[in-house]
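Single-structure report; data block below.
Number of protein chains: 2
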Amino acid sequence: MNEHGGSALLTDHYELTMVQAALHSGAAARPSVFEMFARRLPEGRRYGVVGGTGRFLDLVERFRFRTEDLDFLSDNGVVDETTLRWLSEYRFSGNVWGYGEGEAYFPGSPILVVEGTFAESVLLETLALSVFNHDSAIASAASRMVVASGGRPLIEMGSRRTHEGAAVAAARAAYMAGFATSSNLEAGRSYGVPTGGTAAHAFTLLHDSERHAFTSQLDSLGRGTTLLVDTYDVERAVRTAVDLAGPELGAVRIDSGDLAATATRVRAQLDSLGASDTRIVVTGDLDELSIQALAVAPVDGYGVGTSLVTGSGAPTVSLVYKLVARARDLAAGTPLEPVAKRSVGKPSRGGRKWAMRRLDDKGIAIAEEVFPHVPEAAVNVRPLLRPLMADGEVIGRESVHEARERHRAVVAELPEQALRMSRGEAALPTVFH
Amino acid sequence: MNEHGGSALLTDHYELTMVQAALHSGAAARPSVFEMFARRLPEGRRYGVVGGTGRFLDLVERFRFRTEDLDFLSDNGVVDETTLRWLSEYRFSGNVWGYGEGEAYFPGSPILVVEGTFAESVLLETLALSVFNHDSAIASAASRMVVASGGRPLIEMGSRRTHEGAAVAAARAAYMAGFATSSNLEAGRSYGVPTGGTAAHAFTLLHDSERHAFTSQLDSLGRGTTLLVDTYDVERAVRTAVDLAGPELGAVRIDSGDLAATATRVRAQLDSLGASDTRIVVTGDLDELSIQALAVAPVDGYGVGTSLVTGSGAPTVSLVYKLVARARDLAAGTPLEPVAKRSVGKPSRGGRKWAMRRLDDKGIAIAEEVFPHVPEAAVNVRPLLRPLMADGEVIGRESVHEARERHRAVVAELPEQALRMSRGEAALPTVFH
Numbered sequence: 001m002n003e004h005g006g007s008a009l010l011t012d013h014y015e016l017t018m019v020q021a022a023l024h025s026g027a028a029a030r031p032s033v034f035e036m037f038a039r040r041l042p043e044g045r046r047y048g049v050v051g052g053t054g055r056f057l058d059l060v061e062r063f064r065f066r067t068e069d070l071d072f073l074s075d076n077g078v079v080d081e082t083t084l085r086w087l088s089e090y091r092f093s094g095n096v097w098g099y100g101e102g103e104a105y106f107p108g109s110p111i112l113v114v115e116g117t118f119a120e121s122v123l124l125e126t127l128a129l130s131v132f133n134h135d136s137a138i139a140s141a142a143s144r145m146v147v148a149s150g151g152r153p154l155i156e157m158g159s160r161r162t163h164e165g166a167a168v169a170a171a172r173a174a175y176m177a178g179f180a181t182s183s184n185l186e187a188g189r190s191y192g193v194p195t196g197g198t199a200a201h202a203f204t205l206l207h208d209s210e211r212h213a214f215t216s217q218l219d220s221l222g223r224g225t226t227l228l229v230d231t232y233d234v235e236r237a238v239r240t241a242v243d244l245a246g247p248e249l250g251a252v253r254i255d256s257g258d259l260a261a262t263a264t265r266v267r268a269q270l271d272s273l274g275a276s277d278t279r280i281v282v283t284g285d286l287d288e289l290s291i292q293a294l295a296v297a298p299v300d301g302y303g304v305g306t307s308l309v310t311g312s313g314a315p316t317v318s319l320v321y322k323l324v325a326r327a328r329d330l331a332a333g334t335p336l337e338p339v340a341k342r343s344v345g346k347p348s349r350g351g352r353k354w355a356m357r358r359l360d361d362k363g364i365a366i367a368e369e370v371f372p373h374v375p376e377a378a379v380n381v382r383p384l385l386r387p388l389m390a391d392g393e394v395i396g397r398e399s400v401h402e403a404r405e406r407h408r409a410v411v412a413e414l415p416e417q418a419l420r421m422s423r424g425e426a427a428l429p430t431v432f433h
Numbered sequence: 001m002n003e004h005g006g007s008a009l010l011t012d013h014y015e016l017t018m019v020q021a022a023l024h025s026g027a028a029a030r031p032s033v034f035e036m037f038a039r040r041l042p043e044g045r046r047y048g049v050v051g052g053t054g055r056f057l058d059l060v061e062r063f064r065f066r067t068e069d070l071d072f073l074s075d076n077g078v079v080d081e082t083t084l085r086w087l088s089e090y091r092f093s094g095n096v097w098g099y100g101e102g103e104a105y106f107p108g109s110p111i112l113v114v115e116g117t118f119a120e121s122v123l124l125e126t127l128a129l130s131v132f133n134h135d136s137a138i139a140s141a142a143s144r145m146v147v148a149s150g151g152r153p154l155i156e157m158g159s160r161r162t163h164e165g166a167a168v169a170a171a172r173a174a175y176m177a178g179f180a181t182s183s184n185l186e187a188g189r190s191y192g193v194p195t196g197g198t199a200a201h202a203f204t205l206l207h208d209s210e211r212h213a214f215t216s217q218l219d220s221l222g223r224g225t226t227l228l229v230d231t232y233d234v235e236r237a238v239r240t241a242v243d244l245a246g247p248e249l250g251a252v253r254i255d256s257g258d259l260a261a262t263a264t265r266v267r268a269q270l271d272s273l274g275a276s277d278t279r280i281v282v283t284g285d286l287d288e289l290s291i292q293a294l295a296v297a298p299v300d301g302y303g304v305g306t307s308l309v310t311g312s313g314a315p316t317v318s319l320v321y322k323l324v325a326r327a328r329d330l331a332a333g334t335p336l337e338p339v340a341k342r343s344v345g346k347p348s349r350g351g352r353k354w355a356m357r358r359l360d361d362k363g364i365a366i367a368e369e370v371f372p373h374v375p376e377a378a379v380n381v382r383p384l385l386r387p388l389m390a391d392g393e394v395i396g397r398e399s400v401h402e403a404r405e406r407h408r409a410v411v412a413e414l415p416e417q418a419l420r421m422s423r424g425e426a427a428l429p430t431v432f433h
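Next comes the structure, spelled out in structure tokens:
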């Protein structure tokens, strides 16, 4: 949102000039279908995760051209008077279906289907792509980290490494994909993501000594707090920490050095000091591969920053939003005709689509199936498109907690090879019927 | 900002718990200096570009804990009552200096210096890092693209590939670094970035034929518009375009295929049809290297999306915000003492710093010089820190246009090797005095 709370200018200039030209030609009102999909997964990834559905629905509800927006468009000659009048009354009135947030997706999966007039539907293109490309990139990276962590809790702490608004969305997407907590307070306020954190090196440096700093933190935050032990000398800090807090010390955090070796030494030291319930949290440039490599180390939690908020090498996931069908005229009952461009290397597949996930007898996913019509119900298939908006009203709103539950179930259903950290192909074939 | 316009919760949980514990220990009010710097440039980069200064100043002015923020913090037990009261009155009252927006930076350059009490200054850490890490990543990538383009105009069109709020900041940073225009309308409204755009493939597919689509666009947007010619067959589309618009056709856009070869063919075709003033704009997965490779092709403008908004391989630039000095007590006149952690691999350099750029007799930059005191004025050195805030008031506000002018001058001053596209080391040594 911009500072007056609207979302309509979070949009490419050309969406509005297309509306102008289509109003001029009369085609603006043609019934149309747009679909969002990815032609491929990011290099080496075995599955993608849909993120952003909930945020998109919130933003579509705020997608109105307000006076200050229209004044800007008018003053800068972006569109003509006819179009300004049309925009001033704009309100999406169509239907939207989508994969559930947290669902896995594969190349060609139609993760969003938007049905309305051309003009009202094309206007949502930029916003839809921004939200889903970002949030799905984060959710897809986060999901792999959760798999790699083998059940140990993950803490999202990447706010400082990404745009301040993207940080809130990233915290939400990471939680949805299974992270335990986030450092981002706005994600707590807006979405109910559990937040956490205790202290940084600056807090230790501020005080006259590490002992003074630890004493202050324990007095104020309690013995269950996490003390950061690598500002000066880890061994001395751990000794000081247990000396001051006793065995009830919640956790120590290690943010530098060889994390596996340091964690092993610190575990032995904590145990020898009687603090065997004190946990060890490691942070510092972790990604899914280093998390997996730490599986054998005595680590109780991972803090992940940069790699999470940058999608671990794939900060965007190349989702596109394409016109796949439109009616040739406006008369009631005119059939929608498939349309598709033939650009070199970027072909599209015309026609409205429906999708199911096929499972084997053990409930393991074996294929993504895409149909040009509503498929018949069958055993061992799970429909993937849910109704999200009907006649412009949001009907598919869910909390991030519901999306998180879906994601957990969806990952459990994926074949074993989908969950390998090594680079590979899409774990399921997409079958177009 | 969140939807009520505040920025204070765009912050890590631990900043607030540190404030709580420091209020408890009495150290919260110790005069302190924090500095923001990068230990290194992104792999292979020869210079970095400071981006985000203007946005940071705007956000600091809105950094207030409002009722809904305090309610969230209270309801979730983030901090205690004493801290809530302190936060409710929070307003940064210190001083800030920074490199000018658009300035080049190198490893160790102190691009932001924040002076205030520990508590008031540490609270700005997350927001400062979010803004500068994002905007500097985009500005740094954009600057290289501008160099690679050799004066041909660059169009920023990456909104759809990044978070919707990050998209606005990215458009601003790209314009600051020399891009000609952006597709992002909110960047136009908020920052005066020139916006542009005409039509996508969907517009052609909507109509009954490409000829029908082009006619509609030309009628509505005028002959100076840009027609997208690769929906079906480029040669046929160019013929149709000139047939309809005549030699006054503004431009054609090519978004797929071998851009150099296609542009060469289209140039010859346009010339043969008498449309020698019609420009050719190319788009489609361009980055600084492919832009440079197209230098020999008859291309009049480049549209850049994904690579720009993802920082062309470096979506964040590892800026950190570190406590470098603090007074040991609160008595007036107590000297600030340097502080620095000794974490393995992450050493920091204590003490407040000042920076100058040293130039040779021809005005070419030869070194980044960092001093532990205010350096004496001298010929052939340019001071780099500008006053941005004094006693909590913004005094260094600039428009993005002023930052753009600075960036242009700064790039002109860099040595030739800084502007090579190949991977290399930092183009200037950072000398610590």
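As they're listed, the protein sequences go chains A and B.
Residue numbers are given in UniProt numbering: position 402 of the first sequence equals residue 402, and the series is strictly consecutive.
Residue numbers are given in UniProt numbering: position 121 of the second sequence equals residue 121, and the series is strictly consecutive.
Where a beta carbon is used, it is the ideal one built from N, C-alpha and C, also for glycine.
Residue i versus residue j - alpha carbon distance
i: R397 of chain A; j: H433 of chain A; result: 30 Å
i: F106 of chain A; j: E68 of chain A; result: 40 Å
i: V122 of chain B; j: S140 of chain A; result: 32 Å
i: H407 of chain A; j: A426 of chain A; result: 18 Å
i: Y90 of chain B; j: E81 of chain B; result: 14 Å
i: E405 of chain B; j: H13 of chain A; result: 25 Å
i: T278 of chain A; j: L84 of chain B; result: 29 Å
i: S348 of chain A; j: G108 of chain A; result: 10 Å
i: D255 of chain B; j: A263 of chain B; result: 10 Å
i: T17 of chain A; j: S7 of chain A; result: 18 Å
i: L323 of chain A; j: P153 of chain A; result: 42 Å
i: A251 of chain A; j: G26 of chain B; result: 24 Å
i: P315 of chain B; j: T316 of chain A; result: 10 Å
Residue i at chain B interface by Cβ criterion, 7 Å
i: T283 of chain A; result: no
i: E164 of chain A; result: yes
i: F118 of chain A; result: yes
i: R40 of chain A; result: no
i: H407 of chain A; result: no
i: T264 of chain A; result: no
i: T334 of chain A; result: no
i: M389 of chain A; result: no
i: S307 of chain A; result: no
i: S136 of chain A; result: no
Presumed contact (8 Å Cβ cut-off) between residue i and residue j, rounded CB distance
i: T126 of chain B; j: P31 of chain B; result: At roughly 21 Å, the Cβ-Cβ gap does not stay under 8 Å, so T126 of chain B and P31 of chain B are not in contact.
i: A142 of chain A; j: A173 of chain A; result: 6 Å
i: S209 of chain B; j: H24 of chain A; result: Contact doesn't hold; Cβ gap of about 16 Å is too wide.
i: P375 of chain B; j: M389 of chain B; result: Wrong, their Cβ atoms sit about 22 Å apart, outside the cutoff.
Proximity test, Cβ basis, 7 Å: residue i and chain C
i: E186 of chain A; result: Protein chains A and B are contained in the structure displayed, whereas chain C is not.
Neighbour flag for residue i against chain A, beta carbons, 7 Å
i: D12 of chain B; result: yes
i: T53 of chain B; result: no
i: N133 of chain B; result: yes
i: V205 of chain B; result: The identity of residue 205 of chain B in the sequence shown is Leu, whereas the question assumes Val. At least one chain A Cβ lies under 7 Å of L205 of chain B.
i: P315 of chain B; result: yes
i: M145 of chain B; result: no
Check whether the segment 238-250 of chain B touches the segment 356-363 of chain A, taking contact to mean three or more Cβ pairs, one atom from each stretch, closer than 8 Å.
no
Please identify, using Cβ separations under 7 Å, the residues of the segment 219-252 of chain A that lie next to chain B, in order along the chain.
D219, S220, L221, D230, T231 and Y232
Contact the segment 283-299 of chain A vs the segment 141-151 of chain A: 3+ CB pairs below 8 Å:
Contact holds: three or more Cβ-Cβ distances are below 8 Å.
Given 8 Å, three or more beta-carbon pairs between the segment 333-346 of chain A and the segment 191-200 of chain A:
no
Do the segment 152-164 of chain A and the segment 300-313 of chain A meet, that is, are 3 or more Cβ pairs less than 8 Å apart?
yes
According to a CB-to-CB cut-off of less than 9 Å, which residues of the segment 21-40 of chain B neighbour chain A?
A21, A22, L23, H24, S25, G26, A27, A28, R30, S32 and F34
Could you run through the segment 147-171 of chain B and flag, in chain order, every residue whose CB is less than 9 Å away from some CB of chain A?
M157, G158, S159, R160, R161, T162, H163, E164, G165, A166, A167, V168, A169 and A170
Should the segment 48-68 of chain A be regarded as contacting the segment 222-241 of chain B, the criterion being three or more beta carbon pairs within less than 8 Å?
No, they do not touch.
By the 7 Å beta-carbon criterion, what residues does the segment 351-362 of chain A contribute toward chain B?
none
Taking beta-carbon pairs under 8 Å, can you tell me which members of the segment 71-89 of chain B lie near chain A?
F72, L73, N76, V78 and D80
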